[in-house]
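K.L.:
Here you go, one structure.
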Amino acid sequence: MTIITFAIPLFQQFQWIIILRCFQGLAAATFAPVALALVVDKYSPKKMVTTIGFISSSFLISGIVGQLFSSYIAQQLGWAYVFYYSGIIYLFTVLVVLFLIPKTDIKQTDNNWRDMVGGFLKLFKKRGLIYAYTITITLLLSFVAYYTILGEYLTEIFMLGEDNILYVRLVGIIGMLFAPFAGILSNRLGLLPILRGGLFLATLGVILSGISTNIYFVVSSSVVFVTGIALTVPTLISLVGKLGGRNHGIAVSLYAFILFVGASLGPIVAVTIMNIGNNFMTFILLASIIIISLVVSFLLRGDYSTS
Numbered sequence: 008m009t010i011i012t013f014a015i016p017l018f019q020q021f022q023w024i025i026i027l028r029c030f031q032g033l034a035a036a037t038f039a040p041v042a043l044a045l046v047v048d049k050y051s052p053k054k055m056v057t058t059i060g061f062i063s064s065s066f067l068i069s070g071i072v073g074q075l076f077s078s079y080i081a082q083q084l085g086w087a088y089v090f091y092y093s094g095i096i097y098l099f100t101v102l103v104v105l106f107l108i109p110k111t112d113i114k115q116t117d118n119n120w121r122d123m124v125g126g127f128l129k130l131f132k133k134r135g136l137i138y139a140y141t142i143t144i145t146l147l148l149s150f151v152a153y154y155t156i157l158g159e160y161l162t163e164i165f166m167l168g169e170d171n172i173l174y175v176r177l178v179g180i181i182g183m184l185f186a187p188f189a190g191i192l193s194n195r196l197g198l199l200p201i202l203r204g205g206l207f208l209a210t211l212g213v214i215l216s217g218i219s220t221n222i223y224f225v226v227s228s229s230v231v232f233v234t235g236i237a238l239t240v241p242t243l244i245s246l247v248g249k250l251g252g253r254n255h256g257i258a259v260s261l262y263a264f265i266l267f268v269g270a271s272l273g274p275i276v277a278v279t280i281m282n283i284g285n286n287f288m289t290f291i292l293l294a295s296i297i298i299i300s301l302v303v304s305f306l307l308r309g310d311y312s313t314s
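Positions in the sequence shown are counted from 1; adding 7 to them yields our numbering.
Right, here's the structure in full:
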């Protein structure tokens, strides 16, 4: 990804930029499942949720900070320097991975396609995983859809420009900072209560955003929503790892894939429900998606402690 990022601004033809961006996206897509699977394999259950919480909050924060970073660099130096500076950051992360990330002691024994496919198919025979994956697809879907809808809402009702909307999103980082605390809460209360509590907070945040005409209340509601998502993501990853059993690496990798499929569907869902009714109805329809996940979470049974 480092090489591709440095190469993109060297091409002036639009089609080549698109092709390189596709390869860049493919390279970036491999990081999340590998990183999450490594954490599940390497760390003890008590440390795992907290570690995943840091990774999850980094994913969420980067979506906002990345926009601020790229906008500033593009305005000051030009769009090409966004890729040059990003390439330097990626090169630094390569060195971090090579020299600082601990090596896993677990060796892959099922290294043929038949065993890999067999392990993959076994996941769909576990009802608990099906429920967990159903919840998974709604998380980043609702996160992306919420901020898409919120942007239109802030523009239409409060007449905010793009820069001010970005600052509203920046406030949401406060909620993302709660992700690392998911591990501490899960150790004390269990995974399922934190999962359900996070989904409830996310639902509440969306509904409160839709009923308010006060900008400060809307911003505060967005923090409530983000806090719910931030608590839910690492908790659900840990739950998927436990439900996956011996195939937990594949289970977590599939989780990451489904999670980002949901992110891709977010703008489509947002545009669709915005065309159905007014602003209040739009937020209610989005909240309904999260409520479905909340209901599904009660179908998960068992003592999923982190001990």
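Even glycine gets a Cβ: it sits at the ideal position worked out from N, Cα and C.
Whole angstroms is fine: what's the gap from residue 78's alpha carbon to residue 71's?
P.N.:
One C-alpha to the other measures close to 11 Å.
K.L.:
Where residue 45 and residue 18 are concerned, what is the direct C-alpha to C-alpha distance, given to the nearest angstrom?
P.N.:
If I take the Cα positions, the gap works out to 35 Å.
K.L.:
When we look at the beta-carbon of residue 279 and count the other beta-carbons within 10 Å, is it buried (16 or more) or exposed?
P.N.:
With fewer than 16 Cβ atoms within 10 Å of its Cβ, residue 279 is classed as exposed.
K.L.:
Can you give me the start and stop residues for the alpha helix (DSSP H) that residue 37 sits inside?
P.N.:
No alpha helix (DSSP H) contains residue 37, which DSSP labels as neither H nor E.
K.L.:
Mind checking if residue 9 is an interface residue toward chain C, Cβ cutoff 7 Å exclusive?
P.N.:
The structure shown contains no chain C; it holds only a single protein chain.
K.L.:
Residue 80 and residue 89 - do their beta-carbons sit closer together than 7 Å?
P.N.:
The answer is yes: Cβ separation under 7 Å.
K.L.:
Pick from 57, 198 and 157: whose alpha carbon is nearest that of residue 214?
P.N.:
Here the closest residue by C-alpha is 157.
K.L.:
From what residue to what residue does the alpha helix (DSSP H) around residue 288 run?
P.N.:
That run of the alpha helix (DSSP H) goes 286-304.
K.L.:
Based on Cα-Cα distance, which residue from 301, 288, 234 and 256 lies nearest to residue 42?
P.N.:
Of the listed residues, the one whose Cα sits closest to residue 42 is 256.
K.L.:
Is the separation between the beta-carbon of residue 303 and that of residue 142 shorter than 7 Å?
P.N.:
Closer than 7 Å, so yes.
K.L.:
By the three-class DSSP mapping on this structure, what secondary structure does residue 117 have?
P.N.:
Since pLDDT at residue 117 reaches only 48, below the 50 mark, its modelled position is unreliable, and no value is offered.
K.L.:
Alpha carbon to alpha carbon, how far is residue 187 from residue 234?
P.N.:
So the two alpha carbons sit approximately 11 Å from each other.
K.L.:
Could you spell out where the alpha helix (DSSP H) holding residue 88 opens and where it closes?
P.N.:
Unbroken alpha helix (DSSP H) run through residue 88: 86-106.
K.L.:
Tell me which same chain residues have a C-beta within less than 6 Å of the C-beta of residue 289, skipping the five on either side of it?
P.N.:
Cβ neighbours of residue 289 beyond the five flanking positions: 156, 280 and 281.
K.L.:
Spatial neighbours of residue 39 within its chain, please: CB distance less than 6 Å, with the 5 preceding and 5 following residues excluded, ordered by chain position.
P.N.:
Around residue 39: 263.
K.L.:
Out of 174, 220 and 202, state which residue places its alpha-carbon closest to the alpha-carbon of residue 244.
P.N.:
Checking every option, the nearest Cα to that of residue 244 belongs to 202.
K.L.:
Could you check which residue in 9, 229, 249 and 85 has the C-alpha nearest to that of residue 99?
P.N.:
Here the closest residue by C-alpha is 9.
K.L.:
Is residue 97 buried or exposed, if buried means 16 or more other CB atoms sit within 10 Å of its CB?
P.N.:
Burial call: buried.
K.L.:
Okay, do the segment 173-187 and the segment 237-252 touch, 3+ Cβ pairs below 8 Å being the bar?
P.N.:
As far as the Cβ criterion goes, the segment 173-187 touches the segment 237-252, which means the pair count is three or higher.
K.L.:
For residue 75, which of 189, 258, 286 and 171 has the nearest alpha-carbon?
P.N.:
Of 189, 258, 286 and 171, the residue nearest in Cα terms is 171.
K.L.:
My assumption, with CB atoms under 8 Å, is that residue 270 sits in contact with residue 147. Please give the rounded CB distance.
P.N.:
Right, their Cβ atoms sit about 4 Å apart.
K.L.:
What first and last residue would you give for the alpha helix (DSSP H) that runs through residue 249?
P.N.:
Run containing residue 249: 222-251, per the alpha helix (DSSP H) assignment.
K.L.:
Look at the alpha carbon of residue 226 and the alpha carbon of residue 189, and state the distance between them as a whole number of angstroms.
P.N.:
Their backbone Cα atoms lie some 23 Å apart in a straight line.
K.L.:
Return the chain-ordered list of same chain residues with a C-beta closer than 7 Å to the C-beta of residue 176, the five sequence neighbours on each side being excluded.
P.N.:
These residues qualify, in order along the chain: 71 and 154.
K.L.:
Could you have a look at residue 282 and say whether DSSP puts it in helix, strand or coil?
P.N.:
Reduced to three states, the DSSP call for residue 282 is coil.
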